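Engineer: To convert, note that position 378 of the sequence shown is 622 in the working numbering; the numbers rise steadily by one, no gaps. Ideal Cβ positions, reconstructed from N, Cα and C, are used throughout, including at glycine. In this text, all values refer to a predicted model and were calculated from it rather than measured experimentally.
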Amino acid sequence: MSSEQYDYDAIIIGAGVIGSGVALELTRRGLRTLTVDKLPTAGYGSTSSSSAIVRFTYSTEAGVAMAYEGYKYWVDWKNHVGDIGDQEHAEFVEQPMVMPKTPNGHYLKVLPHWDRLGIPYEDLSFDEAAERFPFVDLRIFGPPASLDDIENPFWDEPTEKHDGMIVSPNSGYISDPQLSALNLATAAIQAGAEFRYNTTVTAINRADGRVSGVTVNSADNDGEQITAPVVVNVGGPYARRLNEMAGVLDSMNRSSRALRREVYIYPAPDGVDYDTDGVMIGDTDTGVYFRGERGNNVLVGNAEPDCDELEWVEDPDANDDVLSEDGFQLHGLRTSRRISGLPIPQKKSGLVSMYDATPDWLPIYDRTDLDGFYVAIGTSGNQFKNAAVAGHVMAELIVAVEAGHDHDAEPLVVTGKYTGLDMDLGTFTRNRVVPEDTHMNVFG
Ligand SMILES: Cc1cc2nc3c(=O)[nH]c(=O)nc-3n(C[C@H](O)[C@H](O)[C@H](O)COP(=O)(O)OP(=O)(O)OC[C@H]3O[C@@H](n4cnc5c(N)ncnc54)[C@H](O)[C@@H]3O)c2cc1C
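Pasting the structure below:
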């Protein structure tokens, strides 16, 4: 695919965990790549705020297959990134992901895929779950409510309990998400890639009916033009803006938008060693997801219950980054329903960031109507876990399409190199049809 008349074979916009993964895979396939990021190093965008949960609880088969394949990369991380000199490696911390067996719950959509694809899990009765995880309260509190809900009072004592719990033992989280992006970027550089930081893409250029490169601003050269026959948008919450620059927004059936998100940290209850015994939960019943956080803490995020409004962000540069007192209290109280005795300190702790969200919470890994312009966007708060495999499928897609494959007519199916599972990229196309009333939850 090498094209000597261009400065590079491919330009990747964004050095987050996914952009760096794409850079690594394209470079290892022999392409001359340049990755540009407006921030000072890799992984400083939304990646650095990620809850970094690795789980397989998806409702589509391609989603499960990709997450399981992605998990294998984390387990094999040192081999995957190869020689990165003295740099530390991001660490995969194992912690079981559990799904309370809520009547008509999410687990019913997940288990058929797990059974078909051979994903390991345990099916615990209520008594078995209560014995194994005594600090988890398995009563049914839902549907989730706000504190001032009159129709569905928050503090109503539950009368029902869950049937039990599904336990996914291979799940976990990455201790330092920014470092994982840096590992991938360093591996890409070792393979011959170039990265330019503090460099902002201000235009995406076209020539002869296809993409021809980008214009960038940097400290020493405003308006510099860099040419390449392939440009990949991996701009995270800025992806929509980059699609607008490329003139492809209107031709996408569904695009993505920036969504404000808060994540909160609470200490574990007295007597619970969460670092050793903790679990991760995606809980539609209380409206939160949570996992352990080193130092015997619990990290909590919002799981999009109907009662909470979504805060869409028009201008990602103007996102309100002050953690809210109300959100800290509410999410602490919701979590304390599930984790008995969770303390809620006076002083709030957590972070504010943005998802790049699609209407169906699935990512878009695809080409666009502008030849040579590709997108790995709409990661919707749940694709950190897939960063390395997303790099792999994007590289396969780009190489195939540039060689003439009609991905729109015949979506590419990529086989995972660890699991041998097929990942049908048709699930992640920009042109998929999403019903207007689609409502999804994200559990990290
Ligand atoms: C609060 C939160 C919690 C999450 N929790 C989980 C989880 O538990 N599990 C999970 O799997 N996923 C999770 N995610 C999602 C996951 O973190 C993201 O999908 C992933 O980090 C996105 O990586 P990225 O490389 O696409 O984007 P980013 O990390 O946002 O990188 C995009 C980069 O593009 C650069 N950029 C943008 N525009 C330009 C421009 N014009 N010029 C130059 N550079 C530009 C930015 O500076 C940025 O560095 C979470 C996300 C958030 C925000």
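What is the C-beta distance between Gly648 and Ser500, in whole angstroms, given that I count them as a contact (C-beta under 8 angstroms)?
Structural biologist: The residue given as residue 648 occupies position 404 in the sequence shown. The residue given as residue 500 occupies position 256 in the sequence shown. Gly648 to Ser500, Cβ: 28 angstroms. No contact.
Engineer: Could you give the DSSP three-state label for Arg676: helix, strand or coil?
Structural biologist: Sequence index remark: in the sequence shown, residue 676 carries index 432 (1-based). The answer is coil: DSSP assigns Arg676 none of H, G, I, E or B.
Engineer: Considering Cα atoms alone, identify which of Pro340, Leu503, Lys322 is closest to Asp522.
Structural biologist: If you number the sequence shown from 1, residue 522 lands on position 278. According to the sequence shown, residue 522 is Gly rather than Asp. Answer by Cα proximity: Pro340.
Engineer: Return the bridge partner residues of Ala389 from the DSSP annotation.
Structural biologist: Looking up residue 389 in the sequence shown gives position 145. Answer is none; Ala389 lacks a bridge partner.
Engineer: Buried or exposed: where does Ile363 fall if 16 or more other Cβ atoms within 10 Å of its Cβ makes it buried?
Structural biologist: Sequence index remark: in the sequence shown, residue 363 carries index 119 (1-based). By the 10 Å Cβ count, Ile363 comes out buried.
Engineer: Quick check on the DSSP output: the beta strand (DSSP E) that includes Thr471 runs from which residue to which?
Structural biologist: On the sequence shown, residue 471 is found 227 positions in, with the first residue counted as 1. Residues 468-471.
Engineer: Nearer than 7 angstroms: is that true of the beta carbon of Ala259 relative to any heavy atom of ligand 1?
Structural biologist: Translated into the one-based positions of the sequence shown, residue 259 becomes position 15. Indeed, a heavy atom of ligand 1 lies less than 7 angstroms from the Cβ.
Engineer: How far does the beta strand (DSSP E) with Val633 in it extend, from its first residue to its last?
Structural biologist: The residue labelled residue 633 in the question sits at position 389 within the sequence shown. Premise fails: Val633 lies in the alpha helix (DSSP H), 631-646, not in any beta strand (DSSP E).
Engineer: Short check: CB of Met409 to CB of Met667, under 8 angstroms?
Structural biologist: Within the sequence shown, the letter at position 165 stands for residue 409. Within the sequence shown, the letter at position 423 stands for residue 667. No, the pair does not count as a contact, with Cβ atoms beyond the cut-off.
Engineer: Classify Asn541 as helix, strand or coil using the three-state DSSP reduction.
Structural biologist: For the purposes of this step, residue 541 is taken as the residue at position 297 of the sequence shown. Three-state result, Asn541: strand.
Engineer: Quick check: the Cα distance between Val637 and Tyr302, rounded to an integer number of angstroms?
Structural biologist: Residue 637 sits at position 393 when you count from the first residue of the sequence shown. Residue 302 sits at position 58 when you count from the first residue of the sequence shown. Their backbone Cα atoms lie some 18 angstroms apart in a straight line.
Engineer: Can you tell me where the beta strand (DSSP E) holding Asp570 begins and where it ends?
Structural biologist: What you label residue 570 is simply residue 326 of the sequence shown in a count that begins at 1. Unbroken run through Asp570 is the alpha helix (DSSP H), 569-582; no beta strand (DSSP E).
Engineer: Which of the three DSSP states, helix, strand or coil, is assigned to Ser369?
Structural biologist: Counting from one through the sequence shown, the residue named residue 369 turns up at place 125. Note: Ser369 maps to strand in three-state DSSP.
Engineer: Is the segment 447-454 touching the segment 588-595, taking contact as three or more C-beta pairs under 8 angstroms?
Structural biologist: No, because fewer than three Cβ pairs between the segment 447-454 and the segment 588-595 fall closer than 8 angstroms, the two stretches do not touch.
Engineer: Helix, strand or coil, according to DSSP, for Ala490 in the structure here?
Structural biologist: Position 246 of the sequence shown, counting from 1, holds the residue named residue 490. The answer is helix: DSSP assigns Ala490 an H, G or I state.
Engineer: Taking Cβ positions, are Leu428 and Val542 nearer each other than 8 angstroms?
Structural biologist: Walking along the sequence shown from the start, residue 428 turns up at place 184. Walking along the sequence shown from the start, residue 542 turns up at place 298. It is not a contact, given that the beta carbons lie outside the stated cut-off.
Engineer: Using the rule of at least 16 other Cβ atoms within 10 Å of the residue's Cβ for burial, across every protein chain shown, is Pro397 buried or exposed?
Structural biologist: Translated into the one-based positions of the sequence shown, residue 397 becomes position 153. Exposed, by the Cβ-count rule.
Engineer: Beta carbon of Ala547, beta carbon of Asp527: below 8 angstroms?
Structural biologist: Here residue 547 corresponds to residue number 303 of the sequence shown, with the count starting at 1. Here residue 527 corresponds to residue number 283 of the sequence shown, with the count starting at 1. Yes. Within cutoff.
Engineer: If contacts are defined as beta-carbon pairs under 8 angstroms, then Met496 and Arg674 qualify, I think. What distance do you get, rounded to the angstrom?
Structural biologist: Residue numbering aside, residue 496 sits at position 252 when the sequence shown is read from its first letter. Residue numbering aside, residue 674 sits at position 430 when the sequence shown is read from its first letter. Rounded, the Cβ-Cβ distance is 4 angstroms, consistent with contact.
Engineer: When DSSP labels each residue in this structure, what does Lys316 get in the three-state scheme?
Structural biologist: By one-based count along the sequence shown, residue 316 stands at place 72. DSSP places Lys316 in helix when its eight states are reduced to three.
Engineer: Anyone know if the C-beta pair for Val215 and Ile328 falls short of 8 angstroms?
Structural biologist: The structure shown does not extend to residue 215, since the chain is modelled only from 245 through 688, so no value can be given for it.
Engineer: Could you give the DSSP three-state label for Leu270: helix, strand or coil?
Structural biologist: Reading the sequence shown from its first residue, position 26 is the one you call residue 270. Residue state, collapsed to three classes: helix.
Engineer: Determine the extent of the alpha helix (DSSP H) in which Asp359 is found, giving its start and end residues.
Structural biologist: Here residue 359 refers to the residue found at position 115 of the sequence shown. Taken as a continuous stretch (DSSP letters only), the alpha helix (DSSP H) holding Asp359 covers 351-361.
Engineer: Using 8 angstroms as the threshold, is the segment 420-434 in touch with the segment 372-384, meaning 3 or more CB pairs across them?
Structural biologist: No: fewer than three Cβ pairs fall under 8 angstroms.
Engineer: In this structure, does DSSP put Ser462 in helix, strand or coil?
Structural biologist: Translated into the one-based positions of the sequence shown, residue 462 becomes position 218. In this structure, Ser462 counts as strand in the three-state DSSP scheme.
Engineer: Tell me which residues share the same chain as Pro413 and place their Cβ nearer than 6 angstroms to its Cβ, disregarding the 5 neighbours each side in the sequence.
Structural biologist: In the sequence shown, counting from the first residue as 1, residue 413 sits at position 169. These residues qualify, in order along the chain: Pro340.
Engineer: Pick helix, strand or coil for Arg440, following the three-state DSSP scheme.
Structural biologist: For the purposes of this step, residue 440 is taken as residue 196 along the sequence shown, with counting starting at 1. In this structure, Arg440 counts as strand in the three-state DSSP scheme.
Engineer: Tell me the DSSP secondary structure of Glu305 in three-state form.
Structural biologist: Taking the first residue of the sequence shown as position 1, residue 305 is located at position 61. DSSP places Glu305 in helix when its eight states are reduced to three.
Engineer: For Tyr482 and Val596, what's the separation of their Cα atoms in angstroms?
Structural biologist: Within the sequence shown, the letter at position 238 stands for residue 482. Within the sequence shown, the letter at position 352 stands for residue 596. Using only the alpha carbons, I get a separation of about 16 angstroms.
Engineer: If we ignore side chains and look at the alpha-carbon of each, how far apart do Ser290 and Leu486 end up?
Structural biologist: Residue mapping note: residue 290 aligns to position 46 of the sequence shown, counting from 1. Residue mapping note: residue 486 aligns to position 242 of the sequence shown, counting from 1. Spanning the two alpha carbons is a distance of roughly 16 angstroms.
Engineer: Can you name the residues that DSSP bridges to Met341?
Structural biologist: By 1-based counting over the sequence shown, the position of residue 341 is 97. Bridge partners of Met341: Ser412, Met524.
Engineer: Closest to Pro347 by CA distance: which of Asp359, Ala431, Pro387, Thr612 is it?
Structural biologist: In the sequence shown, residue 347 corresponds to position 103, counting from 1. Of the listed residues, the one whose Cα sits closest to Pro347 is Pro387.
Engineer: Would you grab the beta carbon distance between Tyr609 and Ala634 for me? Rounded to a whole angstrom, and I think it's under 8 angstroms.
Structural biologist: Sequence index remark: in the sequence shown, residue 609 carries index 365 (1-based). Sequence index remark: in the sequence shown, residue 634 carries index 390 (1-based). So it is a contact: roughly 6 angstroms between Cβ atoms.
Engineer: Report yes if the C-beta of Gly480 is less than 7 angstroms from at least one heavy atom of ligand 1; otherwise report no.
Structural biologist: What you label residue 480 is simply residue 236 of the sequence shown in a count that begins at 1. Gly480: yes, Cβ under 7 angstroms from ligand 1.
Engineer: Return the residue from the list Leu493, Phe534, Ile583, Gln422 that minimises the CA-CA distance to Tyr288.
Structural biologist: Locating residue 288 in the sequence shown gives position 44, counting from the first residue. Among Leu493, Phe534, Ile583, Gln422, the Cα nearest to that of Tyr288 is on Gln422.
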